[in-house]
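Chains as they are written, first to last, in my numbering: chain Z, 1 to 304; chain U, 1001 to 1289.
In this text, a Cβ means the ideal position worked out from N, Cα and C, and glycines have one as well.
Structure record follows, encoded as structure tokens.
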């Protein structure tokens, strides 16, 4: 989910669906089969892999099918700090992105309403980061935040940062990178719900002598809740699984490794496929629990 | 909660309700909000400007500190070893994956809006799940599958992976367009003795085209920039993001910045053109209606 020009929208009114199951089947079958073979089956394959045990032959990367449930306990014991860190970083980045995005989305969706051209320009600016390589824009931040960079040295000159402090490789820079990279995922859905906000409700609030803050809290926020809900999901999910920002060559260090980094290392470097699979499934399960909780909160099962 | 894609890109203003007569006043807060937003835009653009500026850097081994201005990186793009082939691979994968994903996704989108069938709810769930799954899980799952099946990884497996995660985004984007289509237009086609084939290709398809184009652009952008799923399923094949990831340890050549800048400007031109054409279409519709 890199580009995600995603946004909430009202459920579209379908023109009376007809029942012609043969045509429907013809239209659906290729795509659905594709997803069954290359999305669902791999997830099942992950379940089998997660229960494997190292092969008796002893080759690295050779595993036999078994029901080694122990694998789950092993990875949790070994990698619980990474698991907690992932969810901690992702939560912090989601909150930061929400705080940055909401006023921005409000400005574009409400204040720029009477200026369609400016509104289009503003939206283009919001999605502009999607058009430059994810890896390069993260590396750009690494260089801007680096110890030799003017930012760190000027912060040190004004004593805002201790002379021996560094920004890159710290949890701060990882959360900073995650926040930056996923802001558009947050801004767009909130913008879409605020763009549709009927300002007469807000005016009614002030007519009834509510303070601007009360009106905002009791009218604007609840009406933009669908956008906030999908924005937080769209930020949190990719942030929790991301391993580029936290990687050593980018904004992180060994001490900031997230669950994604561990899965990558186990799968691609150590060839410990069962561990990588078990961790992937744990991540997936945690996210599914979260999503279903969210879906229930938002009161609709209709996600697509 | 409805997740909707793509539409934002091209039809943003089309969904805007008519501006209310009474201007909404937030007093001084409005200017504060404007200033805040300008700062936020600058923040969002910093790494982009950085990347473009450093594409003109006369770098030696690593492109980290500014040395001098040069156009050489732009004129001799392929000097840096492997950059051009990685770029070509990304374009190839992006185009093939986009064509397949757009075709499959468009068919599903039409079926979902137009037909009632059993397993509709499970189909919707199957389409939603890939978008709610972290990339690292999608990548590892497919890689585990290829490993079990003994499939050799390369450009082919990258394309398979990219089609898989693009389909859902295409469905979401095209679905909105199908839903807004007036069925009376197709009925008129049938009344005029158009065969189902003629009705589809002469009426339905042209009307869906803006949505399909938006979906294809989104799909290409997703594919072109994907690193995580790609790296699990690429084997020895190198795409542009994979090139950058490997180069990050030893130093990115400025030629990579050039390619990223070219892609950036191309995308901006496409988005602006789409907005201008949709604005022109709206104006035409207003004049006619």
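Give me the Cα-Cα distance between residue i and residue j, rounded to the nearest whole angstrom.
i	j	result
residue 102 of chain Z	residue 136 of chain Z	26 Å
residue 1244 of chain U	residue 1266 of chain U	20 Å
residue 1143 of chain U	residue 225 of chain Z	37 Å
residue 1096 of chain U	residue 1159 of chain U	7 Å
residue 188 of chain Z	residue 1270 of chain U	19 Å
residue 59 of chain Z	residue 258 of chain Z	28 Å
residue 215 of chain Z	residue 206 of chain Z	7 Å
residue 1072 of chain U	residue 1263 of chain U	18 Å
residue 290 of chain Z	residue 1053 of chain U	41 Å
residue 1040 of chain U	residue 1276 of chain U	25 Å
residue 296 of chain Z	residue 1120 of chain U	20 Å
residue 27 of chain Z	residue 1108 of chain U	6 Å
residue 134 of chain Z	residue 211 of chain Z	42 Å
residue 1189 of chain U	residue 1118 of chain U	29 Å
residue 1178 of chain U	residue 149 of chain Z	51 Å
residue 108 of chain Z	residue 184 of chain Z	13 Å
residue 232 of chain Z	residue 1070 of chain U	43 Å
residue 55 of chain Z	residue 268 of chain Z	18 Å
residue 132 of chain Z	residue 1166 of chain U	19 Å
Identify which residue in the options has its Cα closest to the Cα of residue i.
i	options	result
residue 1268 of chain U	Z:122, Z:62 and Z:158	Z:122
residue 24 of chain Z	U:1033, U:1094 and U:1111	U:1111
residue 43 of chain Z	Z:89, Z:291 and Z:279	Z:279
residue 1139 of chain U	Z:164, Z:255, Z:289 and Z:261	Z:261
residue 250 of chain Z	Z:161, Z:272, Z:128 and Z:145	Z:145
residue 959 of chain U	U:1214, U:1234 and U:1223	The question about residue 959 of chain U has no answer here: the residues shown for chain U are numbered 1001 through 1289.
residue 202 of chain Z	Z:291, Z:37, Z:93 and Z:223	Z:223
residue 1131 of chain U	Z:284, Z:126 and Z:168	Z:284
residue 1258 of chain U	U:1043, U:1078 and U:1066	U:1078
residue 276 of chain Z	Z:208, Z:39, Z:124 and Z:79	Z:79
residue 234 of chain Z	U:1129, U:1249, U:1064 and U:1083	U:1129
residue 120 of chain Z	U:1287, U:1284, U:1283 and U:1279	U:1279
residue 182 of chain Z	Z:93, Z:88, Z:32 and Z:63	Z:93
residue 1033 of chain U	Z:141, Z:254 and Z:105	Z:105
residue 1232 of chain U	Z:48, Z:32 and Z:264	Z:264
Any beta-carbon of chain U closer than 9 Å to the one on residue i?
i	result
residue 122 of chain Z	yes
residue 130 of chain Z	yes
residue 173 of chain Z	no
residue 219 of chain Z	no
residue 287 of chain Z	yes
residue 107 of chain Z	yes
residue 1 of chain Z	Here the model assigns residue 1 of chain Z a pLDDT of 34, short of 50, so the residue's position is not dependable, and the following value carries that caveat. Judged by the 9 Å Cβ criterion, residue 1 of chain Z is in contact with chain U.
residue 241 of chain Z	yes
residue 281 of chain Z	yes
residue 237 of chain Z	yes
residue 222 of chain Z	no
residue 88 of chain Z	no
residue 77 of chain Z	no
Would residue i count as contacting chain Z if we go by Cβ distances under 9 Å?
i	result
residue 1281 of chain U	no
residue 1225 of chain U	yes
residue 1256 of chain U	yes
residue 1118 of chain U	yes
residue 1208 of chain U	no
residue 967 of chain U	Not covered by the structure: residue 967 of chain U. The range shown for chain U is 1001 to 1289.
residue 1272 of chain U	yes
residue 1188 of chain U	no
Hey, could you find the ends of the alpha helix (DSSP H) residue i is sitting in?
i	result
residue 1072 of chain U	1072 to 1075
residue 176 of chain Z	171 to 195
residue 1191 of chain U	1183 to 1191
residue 1217 of chain U	1205 to 1225
residue 1288 of chain U	1254 to 1288
residue 1164 of chain U	1155 to 1179
residue 245 of chain Z	Taken as a continuous stretch (DSSP letters only), residue 245 of chain Z belongs to no alpha helix (DSSP H), as it is neither H nor E.
residue 213 of chain Z	212 to 215
residue 200 of chain Z	199 to 207
residue 1290 of chain U	As shown, chain U starts at 1001 and ends at 1289. That puts residue 1290 of chain U outside it, with no answer to give.
residue 92 of chain Z	70 to 106
residue 1232 of chain U	1228 to 1233
residue 1146 of chain U	1135 to 1149
residue 31 of chain Z	21 to 35
**Message:** For the region 1049 to 1061 of chain U, list every residue whose C-beta sits within 7 Å of some C-beta in chain Z, in sequence order.
**Reply:** 1050 and 1051
**chain U contacts from the region 31 to 49 of chain Z (Cβ-Cβ distance under 8 Å)** = 31, 32, 34, 35, 36, 38, 39, 40, 41, 42, 43, 45, 46, 48 and 49
**Asked** Given a limit of 9 Å on CB to CB distance, which residues of the region 130 to 163 of chain Z reach chain U?
**Response** 130, 131, 132, 133, 134, 135, 136, 137, 138, 139, 140, 141, 142, 143, 144, 146 and 148
**Interfacial residues, the region 1122 to 1139 of chain U to chain Z, with Cβ spacing under 9 Å** = 1123, 1124, 1125, 1126, 1127, 1128, 1129, 1130, 1131, 1132, 1133, 1134, 1135, 1136, 1137, 1138 and 1139
**Asked** What residues in the region 1231 to 1259 of chain U have a beta carbon less than 8 Å from any beta carbon of chain Z?
**Response** Near chain Z, meaning a CB-to-CB distance below 8 Å, the residues of the region 1231 to 1259 of chain U are 1231, 1232, 1240, 1241, 1244, 1245, 1248, 1249, 1252, 1256 and 1257.
**Request:** Compile a chain-ordered list of the residues in the region 1140 to 1164 of chain U whose CB is closer than 8 Å to at least one CB of chain Z.
**Result:** 1140, 1141, 1142, 1143, 1144, 1145, 1147, 1148, 1160, 1161, 1163 and 1164
**Asked** What residues from the region 1190 to 1221 of chain U come within 7 Å of chain Z, judged by C-beta to C-beta, listed N to C?
**Response** 1218 and 1221
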